[in-house]
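Reading through the structure tokens given below for one structure.
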Amino acid sequence: MFYADLHVHSHFSRATSRDLDVFHVALWALKKGIALVATGDIAHPGWLAEVEAHLEPAEGDLLRLKPEVEQAVHERLPPVLRRPLRFILGGEISTIYKKGGRTRKVHHVIFLPTFEAVRAFQERLERIGNIRADGRPILGLDSRDLLELLLETDSRGVLIPAHIWTPWFALLGSKSGFDSVEACFDDLSEHIFALETGLSSDPPMNWRVSSLDRYTLVSNSDAHSPRKLGREANCLNTELSYDAIFAAMRTGDPNRFRGTVEFFPEEGKYHYDGHRTCGVRWKPAETLAHGGRCPVCGKPVTVGVLHRVEELADRPEGVRKPNALPYHSLIPLLEVLAELMGVRTPTGKRVGREYERLLAAWGRSSTSCSMCPWRRSPMWPANAWLRVSAA
Amino acid sequence: MAGQRLAEGIGRMRRGEVLVEPGYDGEFGVVRVFAGTAPEAGGDPTGGKEPSRLPLFFPAGTEQAPSSAERARAPSPSSPPAPGDYAEEGRPDETFSPVGGLLREPPAGFASMITRPADELLAALNPEQQEAVQTLDRHLLIVAGPGTGKTRTLTARLAYLVRTGRARPEELLAVTFTNRAADEMRERLSTWLGAEVARPITVATFHAFAADVLRAHASRLELPANFVIATDEDALAVLRAVAPELSARAQQEVYERIQVAKRNLTAPTREDDHAALWNAYHAALRAAGAVDYADLLLLAVRLLEQDAEVCADLHNRYRWLAVDEYQDVNAVQYRLLRLLAAGGANVCAIGDPDQAIYGFRGADSRYFLSFTDDFRPARVVRLRRNYRSVHAILRAAQDVLRGTASAAPHELLATFAEKVHIEVFTAPTDRAEAEYVVHQIERLVGGTSYFSLDSGRVEGTEEAPFAFGDMAVLYRTRAQARPLAEALDRAGIPYQVPAERSAAMSGTARVALALGWLVMNPRALFCWESVLRHLRLDNVRSAVRQALTRPEPQATPRPLTASALLAQAVDEARPRGPAAERAAALAEALRAAETCGREEWLAAWEVLLACLDSDSPDETLAWLRACARDVAARGRCWRDMLVTVALSGEADLYDPRADRVTLLTLHAAKGLEFPVVFIVGVEDGLLPLRRRGEPVNEAEERRLFYVGITRAGRRLFLCRARRRLLYGEQLHLPPSPFVEDIREALKVVREGEYRRRVRREQAGTQLRLF
Numbered sequence: 287m288f289y290a291d292l293h294v295h296s297h298f299s300r301a302t303s304r305d306l307d308v309f310h311v312a313l314w315a316l317k318k319g320i321a322l323v324a325t326g327d328i329a330h331p332g333w334l335a336e337v338e339a340h341l342e343p344a345e346g347d348l349l350r351l352k353p354e355v356e357q358a359v360h361e362r363l364p365p366v367l368r369r370p371l372r373f374i375l376g377g378e379i380s381t382i383y384k385k386g387g388r389t390r391k392v393h394h395v396i397f398l399p400t401f402e403a404v405r406a407f408q409e410r411l412e413r414i415g416n417i418r419a420d421g422r423p424i425l426g427l428d429s430r431d432l433l434e435l436l437l438e439t440d441s442r443g444v445l446i447p448a449h450i451w452t453p454w455f456a457l458l459g460s461k462s463g464f465d466s467v468e469a470c471f472d473d474l475s476e477h478i479f480a481l482e483t484g485l486s487s488d489p490p491m492n493w494r495v496s497s498l499d500r501y502t503l504v505s506n507s508d509a510h511s512p513r514k515l516g517r518e519a520n521c522l523n524t525e526l527s528y529d530a531i532f533a534a535m536r537t538g539d540p541n542r543f544r545g546t547v548e549f550f551p552e553e554g555k556y557h558y559d560g561h562r563t564c565g566v567r568w569k570p571a572e573t574l575a576h577g578g579r580c581p582v583c584g585k586p587v588t589v590g591v592l593h594r595v596e597e598l599a600d601r602p603e604g605v606r607k608p609n610a611l612p613y614h615s616l617i618p619l620l621e622v623l624a625e626l627m628g629v630r631t632p633t634g635k636r637v638g639r640e641y642e643r644l645l646a647a648w649g650r651s652s653t654s655c656s657m658c659p660w661r662r663s664p665m666w667p668a669n670a671w672l673r674v675s676a677a
Numbered sequence: 017m018a019g020q021r022l023a024e025g026i027g028r029m030r031r032g033e034v035l036v037e038p039g040y041d042g043e044f045g046v047v048r049v050f051a052g053t054a055p056e057a058g059g060d061p062t063g064g065k066e067p068s069r070l071p072l073f074f075p076a077g078t079e080q081a082p083s084s085a086e087r088a089r090a091p092s093p094s095s096p097p098a099p100g101d102y103a104e105e106g107r108p109d110e111t112f113s114p115v116g117g118l119l120r121e122p123p124a125g126f127a128s129m130i131t132r133p134a135d136e137l138l139a140a141l142n143p144e145q146q147e148a149v150q151t152l153d154r155h156l157l158i159v160a161g162p163g164t165g166k167t168r169t170l171t172a173r174l175a176y177l178v179r180t181g182r183a184r185p186e187e188l189l190a191v192t193f194t195n196r197a198a199d200e201m202r203e204r205l206s207t208w209l210g211a212e213v214a215r216p217i218t219v220a221t222f223h224a225f226a227a228d229v230l231r232a233h234a235s236r237l238e239l240p241a242n243f244v245i246a247t248d249e250d251a252l253a254v255l256r257a258v259a260p261e262l263s264a265r266a267q268q269e270v271y272e273r274i275q276v277a278k279r280n281l282t283a284p285t286r287e288d289d290h291a292a293l294w295n296a297y298h299a300a301l302r303a304a305g306a307v308d309y310a311d312l313l314l315l316a317v318r319l320l321e322q323d324a325e326v327c328a329d330l331h332n333r334y335r336w337l338a339v340d341e342y343q344d345v346n347a348v349q350y351r352l353l354r355l356l357a358a359g360g361a362n363v364c365a366i367g368d369p370d371q372a373i374y375g376f377r378g379a380d381s382r383y384f385l386s387f388t389d390d391f392r393p394a395r396v397v398r399l400r401r402n403y404r405s406v407h408a409i410l411r412a413a414q415d416v417l418r419g420t421a422s423a424a425p426h427e428l429l430a431t432f433a434e435k436v437h438i439e440v441f442t443a444p445t446d447r448a449e450a451e452y453v454v455h456q457i458e459r460l461v462g463g464t465s466y467f468s469l470d471s472g473r474v475e476g477t478e479e480a481p482f483a484f485g486d487m488a489v490l491y492r493t494r495a496q497a498r499p500l501a502e503a504l505d506r507a508g509i510p511y512q513v514p515a516e517r518s519a520a521m522s523g524t525a526r527v528a529l530a531l532g533w534l535v536m537n538p539r540a541l542f543c544w545e546s547v548l549r550h551l552r553l554d555n556v557r558s559a560v561r562q563a564l565t566r567p568e569p570q571a572t573p574r575p576l577t578a579s580a581l582l583a584q585a586v587d588e589a590r591p592r593g594p595a596a597e598r599a600a601a602l603a604e605a606l607r608a609a610e611t612c613g614r615e616e617w618l619a620a621w622e623v624l625l626a627c628l629d630s631d632s633p634d635e636t637l638a639w640l641r642a643c644a645r646d647v648a649a650r651g652r653c654w655r656d657m658l659v660t661v662a663l664s665g666e667a668d669l670y671d672p673r674a675d676r677v678t679l680l681t682l683h684a685a686k687g688l689e690f691p692v693v694f695i696v697g698v699e700d701g702l703l704p705l706r707r708r709g710e711p712v713n714e715a716e717e718r719r720l721f722y723v724g725i726t727r728a729g730r731r732l733f734l735c736r737a738r739r740r741l742l743y744g745e746q747l748h749l750p751p752s753p754f755v756e757d758i759r760e761a762l763k764v765v766r767e768g769e770y771r772r773r774v775r776r777e778q779a780g781t782q783l784r785l786f
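Shown next as structure tokens:
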């Protein structure tokens, strides 16, 4: 069994950390106990070149670090964390287009099995828009057409709608999304089998919308810096291969797709409604009571994820969908440490030193990496918590 | 490190004993295990750097009526219409909706909707348009301002003729200036009449129509039936070959003089220094079985003038003529139209003298103004109801026209009202100008990324009704596109620059076109030259040249095919290695193309394109393929495809389906419309354009600016730079006088210190991001 983080970025994306390169992604993935991580920014030729320079093909259409890179990474890690790591070719693409008279903005995570397929895909995208300016390109392309183009490039291509509830850039977003998967992908909807819940929603919120029952809910970090890797992740129990991973998602088999590790949804940027600049933060019911308008500036407040779920929900709160998979909410260990040490952010040197010390100490004896059986558990590293509970 | 506390913390987390402050509107939430000092929820209200807000509405009473001076300037006594003043005509202001939305009036004539097909057609038109459609007893000049439903009216008129039985579809001829306009018209006719009924109607550009006429009667002009239409580059190459002693600049000049002379129907006299060249050039062109663009119209005119039989044929066939953009006809086009109408056909011309912008190419709006004298009896109908632009934009456009000394502007009535101002922005540099445009585009689509929202670069609450495809950036000269393209690239915003593609017509696409012509006409030496040069088959090229210039026994003109000619040349030149393979592949593809059936030509064309072996995925080749598919879809083949490609212009390369921001010259923007328009470089020197050593046609420049403004539906931005790098020169240009003519009440004037502020905003928010 292993953890997989399938939505990350590279330093070619806007507003990402400069050290978001292959080396640091590998380093932090191993620190966090992740065994499979996406390469990110699949549409960017420059990043593809970097990826090809650092990775080589491994089993099942996955990639591994080249020996010299792996050695360099391992030198920076305590021995206990020098574990196998695989990569999968996948990254995010943003589309902005008009459909049904409204401007739609949808983000998608795209996967392809081989470098050749990625190159062919980039070649096609290049004719449509500018893929060199931003690791996550913005295309004026209908989401359905993006999916078609992907499947034409390679029938094994996979598209997972990203953070589906966020208001501005998502499939079901309040501002520029749709009310259903079918409204977005039309005749190709059957090729969608998984949805990314995003940081601001957790599985129980999604269970309230019965039209989403047939989709496997996946969770990824959407990391814009290496240390954010794995803040959400998937727990898989399959062989290490491109097809096996997506087969597990496609079937939703609880033995193979063991569930997800989640942020507390409240921690996401768009959980509640409100106006940041006016300092207004409301629960959905409060927003309704105010007619949706901000009392400070009088303009409509930004409707958050909780509210949007409420709009589309056809089940009451607390209902479990029939084929629900387990999930675990957690707080990143770095943040717990920061809080304990009384500092505001977890990026300081002291927190970092303590974190490294704990990693080296805890990682040592645990070899089997099993999903924690408890409702809530820290995951940094996922196996570390076992030691603490035993201590 | 307090291990106890850590264990406790983790224990609390396990038990769900956490403190939660949910995130909202882009602010991360906070989840903690111990109560304590949490960062304040909610942003610092002053941290958002709210840009100074504009009043959402015009304050009551601030709309200035034009001053008496303006009034005096506006209507010159000789001008036909009384332009009037907006304040006096049923003020469209009253239709402003309180929330800035759009109000659309129901189409006029709606009540009279009854089931008879022709009446149904009329019901979709307003009274002025109905008058135009129903005026059939005399010639008709429709004066149609921008956005007044020109194509709609013209096509409705043709459809009305068919539906009422006044004309059979094949008796109708509609002439346009661009392929795109022709396509649009065909599409509308299909909607009005159904595809089957509409198909026999001839809809073509002047050049395409002339090419068809020439092809049908080629033998009378001693042209081969499969004559080649040489592109400007090809024709210039032919001229170079006959006048190698001239400098490149002189060759170019002579070429242009020849073209101008043909457009103006002024053949050179014996004294003209280029008369000898003229003859040599045409002899070489004809020997290759080719004509140049200007020849198409000139030869058609000559044919009709000299051949009564052909003339009568055309007179019998086309009883109803319709001409689009009549203000842009030049002497030769005008002559052709007169010849076509000489047999008593009814002529309907539509256009707008206020949009005459092709004077520099020999167009003359005098023809428009003399229509009622040229074609008698005639009626003039004016379309004044504008269905495109909001009130403020129309008024600004008219303010600009009022500055013209010549004709009085034709008044337009707005259908849409929305409280917007025209944004006039002054940037320190051309790069800052481009940044401003990009920022506004981001704002208008409501942010392109979390970054633009979270950084406060774009305000999340703004309504976002626009997509990239709704926006166009217009400029006077192509050189201005560069900083814009760079800024859009940096922001990752998708855009298209159709002009670039047409520039690429001189590259691979031109070679492809030449290859296509060779299948039709293997004697076109300049086509061989460009194909074989591209394939680096120099020996073969000289062999072909020799074979084609070798004197032939006149009595027995051998039937010749391109593949045979190539095979013969390969035999002589004996290329080796990869060159031999390229030659063999080409010969094979040519043979396949020559023998393919009507159904297979598209596949054969693909094979030919593959021979060109272009290294990179070439956008222009993709465009050529798409053209071929379109032509095939219309049931046409090979030659039609070549003619379509050869006669396409910049405007034809604009792809409306792509959801991208469009960058266009003001000239190419004519006939298009966009909800949002940016006009950049509104500076005295660019608008009006002042080129060193060339006279400025200020009236035409003003009309060009008018055309640019009237492309806009809902938002208009006018930008200029204090300092601009153009053609390698630092320019400091004063503001365009045209912008000054727009009354102040319509404008919001801003000055940018732009780049610095953006940097500070970005720096201030960097830590907030993922």
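As given, the protein sequences belong to chains A and B, one line each in that order. Residue numbering for the first sequence follows the working numbering, beginning at 287 and increasing consecutively. Residue numbering for the second sequence follows the working numbering, beginning at 17 and increasing consecutively. Yeah, the Cβ is synthetic: ideal placement off N, Cα and C, and Gly gets one too. Computed from a predicted structure; not experimentally measured.
task: At 7 Å on the CB atoms, spell out the chain A contacts of Leu-505(B), in chain order.
output: Sequence check: residue 505(B) is Asp here, not Leu. What Asp-505(B) touches in chain A: Asn-416, Ala-419.
- prompt: Does Asp-675(B) get closer than 8 Å to chain A when you measure Cβ to Cβ?
  reply: yes
query: Hey, does Pro-38(B) have any beta-carbon neighbour from chain A nearer than 8 Å?
result: yes
field: Assumed close pair Trp-654(B), Val-535(B) - CB separation to whole angstroms, cut-off 8 Å
entry: 7 Å
message: Closer than 8 Å is the cut-off here; do at least three beta carbon pairs connect the segment 329 to 337 of chain A with the segment 359 to 370 of chain A?
response: no
message: Quick check: Gly-560(A) and Thr-588(A), are their CB atoms within less than 8 Å of each other?
response: yes
field: CB contact below 8 Å: Pro-296(A) versus chain B
entry: Reading off the sequence, residue 296(A) comes out as Ser, not Pro. False, the Cβ-Cβ gap to chain B never drops below 8 Å.
- prompt: With burial defined as no fewer than 16 other Cβ atoms inside 10 Å of the residue's Cβ, what is the status of Val-454(B): buried or exposed?
  reply: buried
field: chain B contact residues for Asp-559(A), given Cβ-Cβ distances below 7 Å
entry: Tyr-40
message: Which residues does DSSP list as the beta-bridge partners of Ala-619(B)?
response: Beta-bridge pairing links Ala-619(B) to no other residue.
task: Rank Met-535(A), Leu-348(A), Ser-296(A), Arg-422(A) by C-alpha distance to the C-alpha of Leu-611(A) and give the top, closest one.
output: Met-535(A)
query: What does Lys-614(A) pair with, by DSSP beta-bridge criteria?
result: According to the sequence shown, residue 614(A) is His rather than Lys. Note: His-614(A) sits in a beta bridge opposite Val-547(A).
task: Pull up the CB-CB distance for Val-363(B) and Phe-391(B), whole angstroms please, since I reckon it's below 8 Å.
output: 5 Å
Chain B within 8 Å of Pro-423(A), Cβ atoms only: yes
task: Using the Cα positions of Ala-324(B) and Arg-231(B), report the straight-line distance between them to the nearest angstrom.
output: 17 Å
message: For Gly-359(B) and Arg-154(B), what's the separation of their Cα atoms in angstroms?
response: 14 Å
- prompt: Would Leu-626(A) count as contacting chain B if we go by Cβ distances under 8 Å?
  reply: yes
Closer than 8 Å to chain B by CB, Arg-579(A): no
message: On the DSSP bridge list, what partners appear for Ala-394(B)?
response: His-155(B)
message: For a quick check, are the C-beta atoms of Tyr-271(B) and Ala-291(B) less than 8 Å apart?
response: no
- prompt: Between Gly-463(A) and the rest of its own chain, which residues show a CB-CB distance below 6 Å, the 5 nearest in sequence each way excluded?
  reply: Ala-456, Leu-457
- request: Taking only the alpha-carbon atoms, compute the straight-line gap between Ala-165(B) and Asn-332(B) and give it to the nearest angstrom.
  value: Note that residue 165(B) is Gly in the sequence shown, not Ala. Approximately 30 Å, taken between the alpha carbons.
- prompt: Is it buried or exposed for Arg-567(A), if we count other Cβ within 10 angstroms and need 16 for buried?
  reply: buried
- prompt: So Thr-302(A) packs on His-510(A), CB below 8 Å; how close in whole Å?
  reply: 4 Å
message: If you follow the alpha helix (DSSP H) that Asn-332(B) is in, where does it begin and where does it stop?
response: 324 to 333
- request: Round the Cβ separation of Leu-490(B) and Ala-685(B) to the nearest angstrom and send it over; I've been treating them as touching at under 8 Å.
  value: 5 Å
field: Phe-269(A): contacting residues in chain B (beta-carbon distance under 9 Å)
entry: Since the displayed chain A opens at 287 and closes at 677, residue 269(A) lies outside it and no answer follows.
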